[in-house]
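Read left to right, the sequence shown gives residues -21 to -1, 1 to 425 (mature numbering (1 follows the signal peptide of the UniProt record, and there is no 0)). Heads up, the beta-carbon is just placed ideally off N, CA and C, and yes, glycines get one too. Below is one structure; the comments refer to it alone.
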Amino acid sequence: MKSFKSLVFTGLLLLSLTSFSQNPIIQDQYTADPTARVFNGKIYVFPSHDIFATEGKGRPGWFAMEDYHVFSCSNLTDWTDHGMIVDQKTVPWAVHDAYSMWAPDAVERNGKYYFYFPTRAQDTTLNGQGFSIGVAIADKPSGPYTPESAPIAGVKGIDPNVFIDKNGQPYLYWSQGHIYGAKLKENMLDLATEPVILEDLPQKGLKEGPFVFERNGIYYMTYPHVENKTERLEYATGDNPLGPFKFRGVIMDEWANGCWTNHHSIVNYKNQWYLFYHHNDLSPDFDKNRSIRMDSLFFDQDGSIQKVIPTLRGVGITQATDKIQLDRYSNKSDDLAIAFNNPDNTFEGWHLTFTEPEQWVQFNAVDFTKNLNNIKIQSKADKKAVLEVRMDDKSGPLLAKIDIDSSTDWTSSEAKLSKYKPGVHNLFVIIKSGNVEVDWLQCLKD
């Protein structure tokens, strides 16, 4: 029998086990280093916030982050930006123009929410030169957060990660050349033990961004590692939160386009595991402005993590009445082109260009409710074109045949929907004649 992962990629849906969304999951700003947590039945994501550095505002050509936002979602598709929760200028101990608010983490403890973040400190007598790690506390995961007056003593480094074991003992991990770990006190603000270097991880190449979780009695230490030239995501396992850990394998390979970093977290939500990570989708020519993504993650019976192949379709079920962004496809013809709508403002998204008959695109997991009557498509074409929209397969039931008139501007075209079986289906769009650029399509009720 095929694995569920294989069934997903062949287009079959086992919706009781998982669902789908679109990548990157935040498309109106740059985000990176996502830590995902489940609080009160929702997924909250705490990323860093990339901006474009300019003279006097960060180091041009390098990473620049001045604040943090938090995002939440309950359906794996619609993300809410709760706004800025911590700013470099409001942290008492931070250098207020360092632009180094790098990868954060957040956990809940006794009804309080603790947000951990690195940046440069004004006073270097506590932890020395370089980065320290601070804490901000809130009564709700969305904030407001109040930063502590000083960073954690004895911690020098970046990429904080907090793991709370089943017995209630919290641990803090971070990176600075090596990956370090220590127990935290009950107050979540002070170390309870001296830091230790986790020596049993690969020694060659940069390691950073630790993220620890436990599953079925196995402790997973996961981290980005430069094995060759850029970062890939790896993992090691052990039977103790501080190791020793044994290297087990690769979670995600290096980026083919040479994006230097990746940074991640792993979370179980409604009995499905997910990997959050980042890429430079919205800034393909500058890999210091990144965007966070999300894909399903699976385990083998022995606890091994199956390698995650990054997708554009991602996770979450899309409603047929939403504007379906076909450029976030599940599969497509090899020769079907994708490009930004506006290269000068990539936050405006992408479109597909159909140029030859029978080119096609597949978009999985669309929920067709009852009483949908029309379909609308946003497109432009230099001459008349005809598109077919089909359900389940390229040769599946015909939903609509859309005639598109020539236009140099984005224009909406509509057609009647044929009868269909309500439910969650895969969607296929095939060009039959002409050539056309397609932004999105949407099903409508009368």
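Asked, Found
"Contiguous alpha helix (DSSP H) assignments of at least 4 residues, all confined to the stretch 325 to 357", "none"
"Environment of residue 56 [buried if 16+ CB atoms lie within 10 Å]", "buried"
"Exposed unless 16 or more other CB atoms sit within 10 angstroms - verdict on residue 151", "buried"
"Neighbour-count burial assignment, residue 338, 16 or more Cβ in a 10 Å radius", "buried"
"Cβ contact check for the stretch 242 to 257 and the stretch 162 to 180: 3 or more pairs under 8 angstroms", "no"
"Beta-ladder partner(s) of residue 52, from DSSP", "22"
"Helix, strand or coil at residue 67 [DSSP, three-state]", "helix"
"Cβ contact check for the stretch 160 to 172 and the stretch 202 to 216: 3 or more pairs under 8 angstroms", "no"
"Cβ contact check for the stretch 321 to 334 and the stretch 36 to 51: 3 or more pairs under 8 angstroms", "no"
"Chain-order list of residues whose beta-carbon lies under 6 angstroms from that of residue 241 (same chain, five-residue window excluded)", "203, 210, 212, 256"
"Extent of the continuous beta strand (DSSP E) run through residue 428", "The structure shown has nothing for residue 428, since the chain only spans -21 to 425."
"Cutoff 6 angstroms; reference residue 53; Cβ partners in own chain excluding five residues on either side", "21"
"Alpha-carbon spacing of residue 101 relative to residue 368, whole angstroms", "60 angstroms"
"Bridge partner(s) assigned by DSSP for residue 211", "204"
"Cβ-Cβ distance between residue 269 and residue 1 below 8 angstroms", "no"
"Short Cβ contact (8 angstroms threshold) for residue 114 with residue 142", "no"
"Status (buried if at least 16 other CB within 10 Å, exposed otherwise) for residue 165", "exposed"
"Start-to-end residues for the beta strand (DSSP E) that takes in residue 422", "415 to 423"
"Buried/exposed call for residue 267, threshold 16 Cβ in 10 Å", "buried"
"CB of residue 345 within 8 angstroms of CB of residue 299, strictly", "yes"
"Paired residues, beta bridge with residue 265 - DSSP", "According to DSSP, residue 265 bridges with nothing at all."
"One or two residues paired with residue 291 in a DSSP bridge", "The partner list for residue 291 (beta bridge, DSSP) is empty, contrary to what the question assumes."
"Environment of residue 111 [buried if 16+ CB atoms lie within 10 Å]", "buried"
"Residue environment, residue 336, which counts as buried when at least 16 other CB atoms sit within 10 Å", "exposed"
"Proximity winner among 23, 31, 44, relative to residue 85 (alpha-carbon distances)", "23"
"Proximity below 8 angstroms, CB of residue 379 to CB of residue 414", "no"
"Host beta strand (DSSP E) of residue 244 (start-end)", "244 to 248"
"Own chain partners of residue 190 with C-beta closer than 6 angstroms, once the 5 adjacent residues on each side are dropped", "140, 201, 244"
"Distance, residue 104 Cα to residue 80 Cα", "20 angstroms"
"Residue 92 versus residue 286 - alpha carbon distance", "32 angstroms"
"Proximity winner among 303, 262, 410, relative to residue 11 (alpha-carbon distances)", "262"
"Residue 425 to residue 6 span [Cα, whole Å]", "30 angstroms"
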